[in-house]
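Reviewing the structure listed below.
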Amino acid sequence: MSSPSSTHWLSLVGSVWLQTINGPNADFPVYSSQLKEIKGISQVRLNFLAFASDAGKLFGWLAGVAALRLPLWAVALTGAAFGLVGYGVQSLFLERPGLAYWHLFLLTSLAGNGICWINTVCYLLCIKNFPSDSRVAVSLATSYLGLSAKLYTTVAETLPRAARARYSTTKVYLLLNAVVPMVVTLVAVPSLRVVDLKDRKRTEAPFLAMFAITLATGACAIVGSVGAKSIGLSTREHMVSFFVLLALPLLIPVALRVRESMAKIRETKWENRVHDHDSDGPETAVSVSVVELGAENKQEEEQGQEAEQQRGSQQEVGGLRLLRKLDFWLYFFSYMFSGTLGLVFLNNLGQIAESRGLADASTLVSLSSSFGFFGRLLPAFLDYYTAKSGYSLSRTASMASLMAPMSGAFFLLLHPRDMFLYASTAVVGTCTGAITSVAASATNELFGTKNFGVNHNVVVANIPLGSLCFGYLAAYLYQRGARGANRCMGAACYRDTFVLWGATCALGTALCTVLYARSRRAAGRLPR
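Heads up, the sequence shown is in this note's numbering, so the first residue is 1 and it goes up one at a time.
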């Protein structure tokens with residue numbers, strides 16, 4: 001039986017579905033301006049709410065510890081429950097005076113922490129169930145996180161008009177953020193388990209099919225973001241096609257299951273035929289078995305030696321040793337000055353669009369989400385095809401090469417024309433998505449697999465810190481440009497912010513280049 005089996009691929013499908021709904025904070029820019037008016041808060045306090053979602057990641061390491069003690073389905077349900085409480089309470093009591101600002105902050109932090117729990121489950125499933133293709137599996141699964149904002153905006157836009165007229169946009173999105181992750185997690189629970197791998201052979205066809213489905217899903221998202229109405233496609237028709245494409249990956253484990261069943265049937269028939277031939281049958285069967293067993297043992301021996309060499313070249317680091325390594329801090333700050341900075345930009349898209357005079361920020365948010373999806377998918381393509389030729393791309397080199405165009409995009413935003421706003425948003429969305437996807441494998445590459453669950457959650461603690469620093473800076477400069485008013489209009493509102501962000505991203509590029517120079521021995525040709 002070829003491996004990974006249908007059960008392994010079912011776990012990848014479960015990870016894909018979880019990642020698709022695990023970005024409820026990504027739709028924050030759509031309703032942030034209305035939330036500011038409902039609660040009567042300033043831009044600075046609004047940015048602190050955006051930070052609150054990231055602040056929950058400061059305790060994301062608890063998810064890594066829990067994953068060592070609890071079954072993965074329980075970890076995922078815990079994360080979904082945190083989101084249900086965090087966003088659900090806000091939705092129920094949003095317009096009541098009793099829901100104070102500090103309540104919003106704590107509830108948003110709780111929901112943000114729940115994201116870490118679900119992410120941890122997805123990463124561990126991909127790494128443990130696809131050890132030979134863990135990079136590809138992680139990149140494929142995390143690419144769907146880029147579609148979260150698109151998913152939520154699509155569902156919100158297709159709700160009945162009566163519901164949208166009765167409830168505010170903010171309440172609708174908060175309710176979706178609370179309910180959708182819990183429903184999808186309950187559906188995915190049976191697939192969330194680690195399965196022992198009997199055979200380490202690479203399966204080409206399922207990966208190729210998954211790539212094709214993923215590309216079609218991304219193309220559907222882009223069409224829905226920029227041109228659904230221009231080709232005569234209604235919002236509801238787009239939603240149906242989008243959800244059908246999200247369900248298609250399930251056909252892969254189903255097809256594999258059918259193939260496995262057929263193989264068992266053929267094996268049973270062959271055994272019966274062998275028993276029916278007493279003369280030359282047993283002798284032939286034994287000779288065939290010996291040949292197959294010898295070939296299988298030889299292959300397993302070669303693969304075992306390869307895996308052993310890879311483990312030997314990979315340094316296992318955990319606990320306080322991690323914090324004492326220079327490579328960790330180079331990685332920590334280069335991530336903060338690039339991927340985290342991109343997330344802060346995306347969190348501020350609502351106010352950026354408003355200051356530029358755009359009536360609706362949802363199109364810009366959907367655009368960034370769709371291109372973020374392709375950015376997350378790009379590392380999977382590169383890993384898949386370079387591994388086939390026997391080479392491995394360094395994750396730190398990949399991150400450094402993605403930071404440079406991102407820095408240029410921030411400077412391009414200084415131009416007041418909307419065309420440059422859309423182009424820069426697409427570039428930042430693509431690079432941010434790719435960096436976030438690469439980072440999961442980079443943590444594994446730099447510090448090993450054994451303590452990955454805890455290590456990566458320590459690394460992503462840079463997200464709340466960066467969100468606080470860069471978000472507060474943007475809010476302070478925005479408020480100063482408003483000159484006492486609650487809104488700032490014009491390209492000058494974010495001009496100084498874009499200059500500082502561009503320079504910071506350039507510094508992150510330099511830090512990541514230094515990290516690559518220090519760890520370049522981990523790159524190059526894979527042992528054969």
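The beta carbon of each residue, even a glycine, is placed where N, CA and C say it ideally should be. Note that the structure is a prediction, hence the values are computed from the model and not measured.
Go ahead and label ASP196 buried or exposed: buried means 16 or more other beta carbons lie within 10 angstroms of its beta carbon, across all protein chains shown. Within the sequence shown, residue 196 is the residue found at index 196, counting from 1. Result: exposed.
Would you check if there are 3 or more beta carbon pairs closer than 8 Å linking the segment 236–247 to the segment 147–159? Yes, the segment 236–247 touches the segment 147–159.
Give me, in chain order, the residues of the same chain whose beta-carbon lies closer than 7 Å to that of ALA400; leave out the 5 immediate sequence neighbours on both sides. In the sequence shown, the residue the question calls residue 400 occupies position 400. Excluding residues within five positions, the ones whose Cβ falls inside 7 Å are THR509, CYS512, THR513 and TYR516.
Does DSSP put TYR167 in a helix, a strand or coil? Mapped onto the sequence shown, residue 167 falls at position 167. If DSSP states are grouped into helix, strand and coil, TYR167 belongs with coil.
Skipping 5 residues on each side, what residues in its chain have a beta carbon closer than 6 Å to that of GLY433? Along the sequence shown, read from residue 1 onward, the residue named residue 433 stands at position 433. Taking GLY433 as the centre and dropping the five residues before and after it, the same chain places the C-beta of GLY146, GLY372, GLY375 and ARG376 closer than 6 Å to its C-beta, in chain order.
Ignore the nearest five residues each way along the sequence and tell me which others in VAL581's own chain have a CB closer than 6 Å to its CB. In the structure as shown, the chain begins at 1 and stops at 528. Residue 581 is therefore absent and cannot be evaluated.
Cα-Cα separation between VAL30 and LEU62, rounded to whole angstroms: Within the sequence shown, residue 30 is the residue found at index 30, counting from 1. Within the sequence shown, residue 62 is the residue found at index 62, counting from 1. Going by the C-alpha atoms only, they are around 30 Å apart.
Return helix, strand or coil for LEU393, following the three-state DSSP convention. Residue 393 sits at position 393 when you count from the first residue of the sequence shown. Reduced to three states, the DSSP call for LEU393 is coil.
For HIS415, which of helix, strand or coil comes out of DSSP? Reading the sequence shown from its first residue, position 415 is the one you call residue 415. The answer is coil: DSSP assigns HIS415 none of H, G, I, E or B.
So the alpha helix (DSSP H) TYR335 belongs to, where does it begin and stop? In the sequence shown, the residue the question calls residue 335 occupies position 335. It spans 326–335 - the alpha helix (DSSP H) in which TYR335 sits, taken as one unbroken run.
Over the uninterrupted alpha helix (DSSP H) stretch that includes GLY14, give me the two end residues. In the sequence shown, counting from the first residue as 1, residue 14 sits at position 14. Where GLY14 is concerned, the enclosing alpha helix (DSSP H) stretches over 6–21.
Over the uninterrupted alpha helix (DSSP H) stretch that includes THR340, give me the two end residues. On the sequence shown, residue 340 is found 340 positions in, with the first residue counted as 1. For THR340, there is no enclosing alpha helix (DSSP H), as DSSP marks it with neither H nor E.
Within the continuous alpha helix (DSSP H) that includes CYS488, where are the two ends? To locate residue 488, count along the sequence shown from 1; it is residue 488. Per DSSP, CYS488 belongs to no alpha helix (DSSP H) and is neither H nor E.
According to the Cβ coordinates, are GLY342 and VAL428 closer than 9 Å? To locate residue 342, count along the sequence shown from 1; it is residue 342. To locate residue 428, count along the sequence shown from 1; it is residue 428. Yes, Cβ-Cβ distance for GLY342 and VAL428 is below 9 Å.
Near ARG257, what residues of its chain come up, given a Cβ to Cβ distance below 8 Å and the 5 sequence neighbours on each side ignored? Against the sequence shown, residue 257 aligns to sequence position 257. Same-chain partners within the cutoff: SER6.
From VAL459, THR185 and LEU18, residue whose alpha carbon lies closest to that of SER323: As a first step, residue 323 must be located in the sequence shown, where it is residue number 323. Checking the sequence shown, residue 323 turns out to be Leu, not Ser. Checking every option, the nearest Cα to that of LEU323 belongs to VAL459.
Could you tell me the distance, in whole angstroms, from the CA atom of GLY577 to the CA atom of VAL365? Past the edges of the chain, shown from 1 to 528, lies residue 577, and the structure says nothing about it.
Residue range of the unbroken alpha helix (DSSP H) whose run includes THR158: Stepping through the sequence shown from its first residue, residue 158 is reached at position 158. Where THR158 is concerned, there is no enclosing alpha helix (DSSP H), given that its DSSP letter is neither H nor E.
Taking 7 Å as the limit between beta carbons, can you name the residues of its chain near LEU446, skipping five residues before and five after? Counting from 1 along the sequence shown, the entry for residue 446 is found at position 446. Hits under 7 Å: ASP327, TYR331 and SER519.
Less than 8 Å between the CB atoms is what I'm expecting for GLY56 and GLY112, so what's the real figure, rounded? As a first step, residue 56 is located in the sequence shown; it is residue number 56 there, counting from the start. As a first step, residue 112 is located in the sequence shown; it is residue number 112 there, counting from the start. GLY56 to GLY112, Cβ: 3 Å. Contact.
Under a three-way DSSP split, which group does LYS57 fall into? Here the question's residue 57 lines up with position 57 in the sequence shown. It is helical.
Which same chain residues, not among the five before or five after GLY304, have their C-beta less than 6 Å away from its C-beta? Taking the sequence shown and counting its residues from 1, the one referred to as residue 304 is at position 304. For GLY304, the pLDDT reaches just 45, beneath the cut-off of 50, and the residue's location in the model is therefore unreliable, leaving the point undetermined.
What's the C-alpha gap between MET489 and SER355? Indexing the sequence shown from 1 puts residue 489 at position 489. Indexing the sequence shown from 1 puts residue 355 at position 355. Rounded to the nearest angstrom, the two C-alpha atoms are 4 Å apart.
Candidates ALA212, PRO97 and ALA361: which alpha carbon is nearest PRO248's? Counting from 1 along the sequence shown, the entry for residue 248 is found at position 248. Checking the displayed sequence, the identity of residue 248 turns out to be Leu instead of Pro. Considering only alpha carbons, the answer is ALA212.
Less than 7 Å between C-beta atoms, sequence neighbours within five positions excluded: which residues of the same chain meet that for LEU58? For the purposes of this step, residue 58 is identified with residue 58 of the sequence shown, where counting begins at 1. Cβ within range, chain order: ALA461 and PRO464.
Taking SER91 as part of the alpha helix (DSSP H), name the residues at either end of that continuous run. Translated into the one-based positions of the sequence shown, residue 91 becomes position 91. 72–93 is the span of the alpha helix (DSSP H), which, as asked, contains SER91.
According to DSSP, is SER398 part of a helix, a strand, or is it coil? For this step, residue 398 is matched to residue 398 along the sequence shown. SER398: helix per DSSP, three-state reduction.
Does the distance from the CB of GLY114 to the CB of PHE93 come in under 9 Å? On the sequence shown, position 114 is the one that residue 114 refers to. On the sequence shown, position 93 is the one that residue 93 refers to. Not in contact: GLY114 and PHE93 (Cβ atoms no closer than 9 Å).
So, at 7 Å on beta carbons, what are the nonlocal neighbours of THR170 in its own chain, with the 5 sequence-adjacent residues on each side left out? In the sequence shown, residue 170 corresponds to position 170, counting from 1. Excluding sequence neighbours, THR170 sits near TYR31, GLN34, LEU35, ILE38 and LEU94.
LYS39 - containing alpha helix (DSSP H), residue span: To locate residue 39, count along the sequence shown from 1; it is residue 39. Start and end: 28–39.
To the nearest angstrom, how far is it from the Cα of GLY281 to the Cα of ARG259? Position 281 of the sequence shown, counting from 1, holds the residue named residue 281. Position 259 of the sequence shown, counting from 1, holds the residue named residue 259. Here GLY281 scores only 49 on pLDDT, less than 50, and its place in the model should not be relied on; the value that follows carries that caveat. GLY281 and ARG259: Cα-Cα distance of roughly 26 Å.
Which class does ALA440 belong to by DSSP, given the choice of helix, strand or coil? Mapped onto the sequence shown, residue 440 falls at position 440. Helix at ALA440.
Would you mind sorting ILE265 into buried or exposed? The rule is 16 or more other CB atoms within 10 Å of its CB. Mapped onto the sequence shown, residue 265 falls at position 265. Counting every other CB atom within 10 Å of its CB across the protein chains shown gives ILE265 a total below 16, marking it as exposed.
Taking PHE28 as the reference, which of ARG166, ALA221, GLY79 and ASP54 has the closest Cα? Here residue 28 refers to the residue found at position 28 when the sequence shown is read from its first residue. Among ARG166, ALA221, GLY79 and ASP54, the Cα nearest to that of PHE28 belongs to ASP54.
Counting only the same chain and skipping the five closest in sequence on each side, list residues whose C-beta sits under 6 Å from that of ALA76. For the purposes of this step, residue 76 is taken as residue 76 along the sequence shown, with counting starting at 1. Correct list, in chain order: ILE118, VAL121, THR185 and LEU192.
Which class does ASN348 belong to by DSSP, given the choice of helix, strand or coil? Counting from 1 along the sequence shown, the entry for residue 348 is found at position 348. Here ASN348 sits in coil by DSSP.
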